[in-house]
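> The following block contains the structure, expressed as C-alpha cells.
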Amino acid sequence: MQSITFERVSNHTSYSHFVEINGDIIALASLQGPREIRVGVVFGEEHPNDFQRLAIAHLANVATSLDPTVELVFKEGASPFPGNITPKHPFADLCAT
15 MQSITFERVS NHTSYSHFVE INGDIIALAS LQGPREIRVG VVFGEEHPND
65 FQRLAIAHLA NVATSLDPTV ELVFKEGASP FPGNITPKHP FADLCAT
C-alpha cells in the first residue's frame, strides 16, 4: 500500500472502506491489496463525531502497522484530530505530552 486517503463520501468516487456515523468500519477490500486505499467517511454533521474520529485513527494505525512508510492523507473535515481538545475528551490522552 502506498497511501490511504480519508475523505467525505462523494457520489463520484469509489471507496475500499467506509467509516459509518456510529464509528463502524466497513471494509470492501483488504488494506494489503491495492496501492491506494480510499476511505469514505459518512458525515451526519459538518465534522466527524468522536466515534468516527476513533475509527479513522484506528484504521490509520492499522495501515501504518502494515507498512510504516504509507502516506496518510486526511481530506477536508476527515482528520481524526479535533481542533479543540478539552481535558475529558477521548483524545486528551493521545495529545498529552
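Here our numbering runs 14 ahead of the position in the sequence shown, where the first position is 1.
C-beta atoms are modelled at their ideal positions from N, C-alpha and C, and glycine is treated no differently.
For a test of the three-state rule: what should DSSP assign to A118, helix, strand or coil?
The requested residue 118 is not part of the displayed model; the chain covers only 15 to 111.
> Going by DSSP, what residue range makes up the beta strand (DSSP E) through V33?
Run containing V33: H31 to V33, per the beta strand (DSSP E) assignment.
> Identify which residue in V84, Q66 and L80 has its Cα closest to the Cα of D38.
Answer by Cα proximity: Q66.
> Could you tell me the alpha carbon to alpha carbon distance between L86 and E59, rounded to whole angstroms?
So the alpha carbons of these two residues sit roughly 23 Å apart.
> Do you know offhand how far T111's Cα is from P94's?
In this predicted model, T111 has a pLDDT of only 44, less than 50, meaning its place in the structure is not dependable enough to derive any value.
> Using only alpha-carbon positions, find the residue among H61, D64, G91 and A43 that is nearest to A77.
The option with the nearest alpha carbon to A77 is A43.
> When you compare the CB positions of P62 and V55, do they come within less than 8 Å of one another, or not?
Yes; because the gap between Cβ atoms is below 8 Å, this pair is in contact.
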